[in-house]
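Enquirer:
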Ligand code: NAP
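In the numbering used here, the protein residues as written are 211 to 518.
Encoded structure:
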C-alpha cells in the first residue's frame, strides 16, 4: 500500500518524538504491549505519537513476556495499576484465562489484543477484527455484507478475520489451510454463533472445491513475511475480479500484493490493519480517536528507522 501522507501529519509524528519522555510524573498513565518477542513491535510508535498529539498524559512501552511468565506478568500489570495493554503473539488466547471479563467479540474470535484496566478489573477486547474491516473499507473500498470470502490460514489471525466477516454479514467464508483440521475446527466453532453464514474448510491442494468464486481473498498465514513468494495458491484460478488483502505488512510490496497486481487484481498489504487496530485500541483507552493518518504515518516512520 502506498500512501501519500499530509505534511502536517508527518510533522506531528516527528514533533511527538521530541521530548516525549520529558514530562513523565506520578500522574502519567502507563500503557504497553506484552508479547514474545516484542522488540519488533511498532505499537509504541503509534500510541506514543497518539498520546502526544492528543495531549494525553500517558506513555506506552513494550514488555517481553515468555509464555511461562504470562500469569505472573498479568498479575504484575494489575497490581502496578497499568491503565491498559495490548497483547500480541503468542499470548492472545492464553491471556483470556487471566482477565476478569472479555467482550463478546473477543470471546467469539477466541482472542484478546487489547485490555482495559477499569478500577482494577481487567477487561479484554479484540480490535483486530474491526481493524481489518476498517482497513478493507479504507484501502479496497470493500465491505463483507452479502459477499463470499476466502481466508488463507487457520491460526489466530485467520480465526479473528473469519469471526469479523461473519459478524459483518458475509454470505460465505471459506478457510483454506495447509492443516485441514484446523480450518475445520474454526468452521465448527463459528457455526455455533452464525447460523446464516456458510463456512467451508478446504486444504491448500484442494482449491477447486471452493463452493463459489470469492469476492475477496485474505492472507492470514505468515507466508510472505520473509519476502519469499507465496506459491500455495494459484491466483489466476480465482479470476481478476477478486480483491486481495495481505495481513502481512511491509514498507515495500509484499510478494502476494505483487503477484495479485500482476494478475490485474486490486491488492493491499496489512499496514492499514495494523494502524486501524491500534486506532481502535487508543479510542477504547482514551475515549477519543487519534488524528486521521497519524498512526499510519508513525508506522511508516518507525519502519524506516528500523531498516536503517
Ligand atoms: P499463527 O497462529 O502462527 O498461524 C499461522 C498460519 O500460517 C497457520 O494457518 C499456518 O498453517 C500457516 N503457515 C505458516 N507457515 C506456512 C507454510 N510454510 N505453508 C503454508 N501455511 C503456513 O499466526 P497468526 O497470529 O494467525 O498470524 C498470521 C499472520 O498474520 C502473521 O504474518 C502476522 O504478522 C499477520 N497479522 C497481521 C496483523 C495486522 O495487523 N496486519 C494482525 C494479526 C496478524 P498450519 O495451520 O498448517 O500450521
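Ideal placement from N, C-alpha and C gives every residue a C-beta, glycine not left out.
Measure the CB-CB distance between residue 509 and residue 306 and report whether it falls below 9 Å.
Expert: Not a contact, by the Cβ cut-off of 9 Å.
Enquirer: Our contact map puts residue 288 next to residue 344 with C-beta atoms below 8 Å; I'd like the distance itself, whole angstroms only.
Expert: Their Cβ separation, rounded to whole angstroms, is 30 Å, which puts residue 288 and residue 344 out of contact at 8 Å.
Enquirer: Please state whether the Cβ-Cβ distance between residue 195 and residue 334 is less than 9 Å.
Expert: Here the chain has residues from 211 to 518 only, and residue 195 is not among them.
Enquirer: What are the residues that DSSP puts in a beta bridge with residue 382?
Expert: In the DSSP output, where bridge partners are listed per residue, residue 382 has 358, 408.
Enquirer: Just to confirm, is the Cβ distance from residue 360 to residue 386 under 9 Å?
Expert: Yes; because the gap between Cβ atoms is below 9 Å, this pair is in contact.
Enquirer: Run through DSSP, which three-state label would residue 318 get?
Expert: Here residue 318 sits in helix by DSSP.
Enquirer: On the CB-based measure, 16 or more other CB atoms within 10 Å of its CB, does residue 405 come out buried or exposed?
Expert: By the neighbour-count rule (16 or more Cβ atoms within 10 Å), residue 405 is not buried but exposed.
Enquirer: Using 10 angstroms around the beta-carbon of residue 480, count the other beta-carbons present and answer buried if the total reaches 16, otherwise exposed.
Expert: Residue 480 comes out buried.
Enquirer: Use the C-beta contact count for residue 234: other C-beta atoms within 10 angstroms, 16 or more gives buried, fewer gives exposed.
Expert: Burial call: exposed.
Enquirer: For residue 279, does the three-state DSSP call read helix, strand or coil?
Expert: Residue 279: helix per DSSP, three-state reduction.
Enquirer: Rank 496, 436, 446, 277 by C-alpha distance to the C-alpha of residue 241 and give the top, closest one.
Expert: That would be 496, whose Cα lies nearest to the Cα of residue 241.
Enquirer: Measure the C-alpha to C-alpha separation of residue 217 and residue 397 and round it to an integer number of angstroms.
Expert: Since pLDDT at residue 217 reaches only 49, below the 50 mark, its modelled position is unreliable, and the value read off the structure follows with that caveat. Residue 217 and residue 397: Cα-Cα distance of roughly 45 Å.
Enquirer: With DSSP as the reference, identify every bridge partner of residue 298, one or two as the case may be.
Expert: Answer by DSSP bridge pairing: none, since residue 298 is not bridged.
Enquirer: Got a sec: does the ligand NAP put a non-hydrogen atom nearer than 8 Å to the Cβ of residue 520?
Expert: Within the shown structure, residues of the chain are numbered from 211 to 518, placing residue 520 beyond reach of any answer.
Enquirer: Would residue 403 be called buried (16 or more neighbouring beta carbons within 10 Å of its own) or exposed?
Expert: So residue 403 counts as exposed.
Enquirer: Where do the N-terminal and C-terminal ends of the beta strand (DSSP E) with residue 333 fall, by residue?
Expert: Start and end: 331 to 335.
Enquirer: Below 8 Å on the Cβ atoms is my contact criterion, and I expect residue 357 with residue 381 to pass it. Report the Cβ-Cβ distance as a whole number of Å.
Expert: Right, their Cβ atoms sit about 6 Å apart.
Enquirer: Taking the beta carbon of residue 514 as the centre, do at least 16 other beta carbons fall within 10 Å, making it buried, or is it exposed?
Expert: Its Cβ having fewer than 16 others within 10 Å, residue 514 is exposed.
Enquirer: With DSSP as the reference, please indicate the residues paired to residue 326 in a beta bridge.
Expert: In the DSSP output, where bridge partners are listed per residue, residue 326 has 294, 333.
Enquirer: Cα-Cα, which of 351, 377, 449, 410 is closest to residue 421?
Expert: Closest by alpha carbon: 410.
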